[in-house]
Amino acid sequence: MTDPTPGNTQAGSGSDDLLAPHGTSVNAPTTSTTTSTTASTATAAAATDPVAFQGKSERFEPVERLYQAVSAEVAKLYVGQDELVLGTLTALFSGGHVLIESVPGLGKTLFVRTLGRALGCDFGRIQFTADLMPSDITGAPVFDMQKSEFRFRPGPVFTQLLLADEINRSPAKTHAALLEIMQEYRVTIDGTSHVVPQPFLVMATQNPLESEGTYNLPEAQLDRFMFKLKVDYPNEAQEAEILKLHSKQVNLNERLENEVRTITDPETVRKMIQLCGTVNVEDALVDYINKIVRATRSWPAFHIGASPRAGLALMQCARTLAGFGGRDYAIPDDVVEVAIPALRHRVQLSAEAEIEGRDVDEELLAMIRGIEVPRD
Numbered sequence: 001m002t003d004p005t006p007g008n009t010q011a012g013s014g015s016d017d018l019l020a021p022h023g024t025s026v027n028a029p030t031t032s033t034t035t036s037t038t039a040s041t042a043t044a045a046a047a048t049d050p051v052a053f054q055g056k057s058e059r060f061e062p063v064e065r066l067y068q069a070v071s072a073e074v075a076k077l078y079v080g081q082d083e084l085v086l087g088t089l090t091a092l093f094s095g096g097h098v099l100i101e102s103v104p105g106l107g108k109t110l111f112v113r114t115l116g117r118a119l120g121c122d123f124g125r126i127q128f129t130a131d132l133m134p135s136d137i138t139g140a141p142v143f144d145m146q147k148s149e150f151r152f153r154p155g156p157v158f159t160q161l162l163l164a165d166e167i168n169r170s171p172a173k174t175h176a177a178l179l180e181i182m183q184e185y186r187v188t189i190d191g192t193s194h195v196v197p198q199p200f201l202v203m204a205t206q207n208p209l210e211s212e213g214t215y216n217l218p219e220a221q222l223d224r225f226m227f228k229l230k231v232d233y234p235n236e237a238q239e240a241e242i243l244k245l246h247s248k249q250v251n252l253n254e255r256l257e258n259e260v261r262t263i264t265d266p267e268t269v270r271k272m273i274q275l276c277g278t279v280n281v282e283d284a285l286v287d288y289i290n291k292i293v294r295a296t297r298s299w300p301a302f303h304i305g306a307s308p309r310a311g312l313a314l315m316q317c318a319r320t321l322a323g324f325g326g327r328d329y330a331i332p333d334d335v336v337e338v339a340i341p342a343l344r345h346r347v348q349l350s351a352e353a354e355i356e357g358r359d360v361d362e363e364l365l366a367m368i369r370g371i372e373v374p375r376d
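In terms of UniProt numbering, the sequence shown has 191 at position 191, counting the first letter as 1, and numbering is strictly consecutive.
Structure below.
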């Protein structure tokens, strides 16, 4: 996933990191021509005002500045993994959740804690195990001896940034309890609803190397996640930087307190989420998103295609990426930027494709290449 801010490669010319596995180039037909009236005006004014060509909007400058500031603070302690950082922030500001497939030891807990510190949000972590019960994460009524009555004791899910570690190690009823909260943002105990604090983001992880003692998430539950991000080992330079930063036995709480600034608060984040929801998406871009989602249902290599919820995810995330870039309109490159992580867990390869050893990401890439990009 590429950084949408100025000074970095823009989506479309630089979306290979996200869309192309193992560094394969996308080569999809993209265009810098926007689908909105605002962009047309900016392009026409480019001859007299070069800044106008960038399509910036003063209304979305706070979103762009916040994204840049949060990314900078996270980078003080968390090295590399740009796709994870951008994907998580995009999901957060789009009102979604993230499923992360990665091996242990890549610093996901550190990332959540650093992100929570920068955003001024509460963070928590749940280690999922085979004996974890729904009440262990939601909370349960406890008897108050002094008042002779039951009172609700909130569980660890009552936070704002939640790391659900190795979610596939718990049984289905525990999955269901968490996924219900992700959808409805509340916990209902004994007929009483308890609302979880907003913003609320779940980062669920699963280990791709171990299958013993795990319970695969059903397709209907996978569909609740906005993104599925695949996180691999850092490169050589990044790993060397990690060794330098985190090998001095310095208390992590002190480092978070002294090195990472809190630059915003939950209320501001909620306002930025609402602002991102007002980004303009032209009808031509809506049709493009619709064609991508519907193509998954007829693609020969797929047994199951994406649901309409996938289209909603693409719409919301394209708006957020536009906001991160300071624009008040979305473009096709924003859609292409998020297409693979938004679709890879929502489609299933056919039996023939699995036998032939085909890869979901590569099939999605081939499919997207064949869909015409709107140019007006």
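Note that CB positions come from ideal geometry on N, CA and C, so glycine has one too.
Bear in mind that the values here come from a model prediction, so they are computed numbers and not experimental data.
Judged by their CB atoms, PRO234 and THR174 are not nearer to each other than the 7 Å cut-off.
Taking the Cα of ASP359 as reference, the smallest distance to any Cα among ILE368, GLN348, ARG369 is reached at GLN348.
In the DSSP assignment, HIS303 falls within the beta strand (DSSP E) that extends over 302-304. Three or more Cβ pairs drawn from the segment 217-235 and the segment 78-98 lie within less than 8 Å of each other, which places the two stretches in contact. The closest CA to that of ILE368, considering only ALA339, ARG375, GLU352, GLU259, is found on ALA339. When the Cα atoms are used, PHE158 and ARG113 turn out to be separated by approximately 15 Å.
A direct Cα-to-Cα measurement between VAL196 and ILE331 gives close to 34 Å. Residue burial is scored here from C-beta neighbours: PRO374 has at least 16 other C-beta atoms within 10 angstroms and is therefore classed as buried. Look at the UniProt domain "ATPase AAA-3" (97-227) and you find these whole runs of beta strand (DSSP E), each 3 residues long or longer: 98-102, 123-127, 139-144, 149-154, 161-165, 186-189, 192-195, 201-206. In the three-state DSSP reduction, LYS230 falls in the strand class (E or B).
Residue pairing of LEU349 in beta bridges, as defined by DSSP: PHE302.
In summary, SER170 is buried, with 16 or more beta-carbon neighbours lying within 10 Å of its beta-carbon over all protein chains present.
Comparing alpha carbon positions, the residue from ARG294, ILE289, TRP299, GLU61 closest to ASP333 is ILE289.
By the Cβ neighbour-count rule, LYS147 is exposed, with fewer than 16 other Cβ atoms within 10 Å of its own. Nearest C-alpha to CYS276 among ALA176, MET315, ARG297: MET315. When DSSP reads this structure, ASN280 sits in a beta bridge with TYR329. Around the beta carbon of GLU372, a 10 Å sphere encloses fewer than 16 other beta carbons of the protein chains shown; the residue is thus reported as exposed. Selection CYS121, LEU252, SER307 evaluated against GLN221 yields SER307 as nearest (Cα-Cα). Shown here, ARG255 sits in a helix according to DSSP, grouped into three states.
Here DSSP, grouped into helix, strand and coil, assigns THR264 to coil. At the C-beta level, LEU119 and VAL250 stay beyond 7 Å of one another. Segment contact: the segment 54-66 against the segment 255-275, three or more CB-CB distances shorter than 8 Å; contact assigned. Of all alpha-carbon atoms in ILE273, ARG261, ALA313, PRO300, the one lying nearest the alpha-carbon of GLU73 is that of ARG261. Around the C-beta of ARG297, fewer than 16 other C-beta atoms lie within 10 Å, and the residue is accordingly described as exposed. Within the model, the alpha-carbon separation for GLY107 versus PHE324 is close to 25 Å. At the C-beta level, VAL98 and THR88 come within 7 Å of one another. Straight through space, the alpha carbons of ARG319 and VAL281 are spaced by roughly 7 Å. The residues ILE273, GLN316, in chain order, have a CB closer than 7 Å to that of GLY95 in the same chain once the five nearest residues on each side in sequence are set aside. Judged by DSSP in its simplified three-state form, TYR78 adopts coil rather than helix or strand. Taking 7 Å as the cut-off, the beta carbon of GLU166 is found closer than this to the beta carbon of PHE128. Per DSSP, GLY323 is one residue of the alpha helix (DSSP H) stretching across 308-324.
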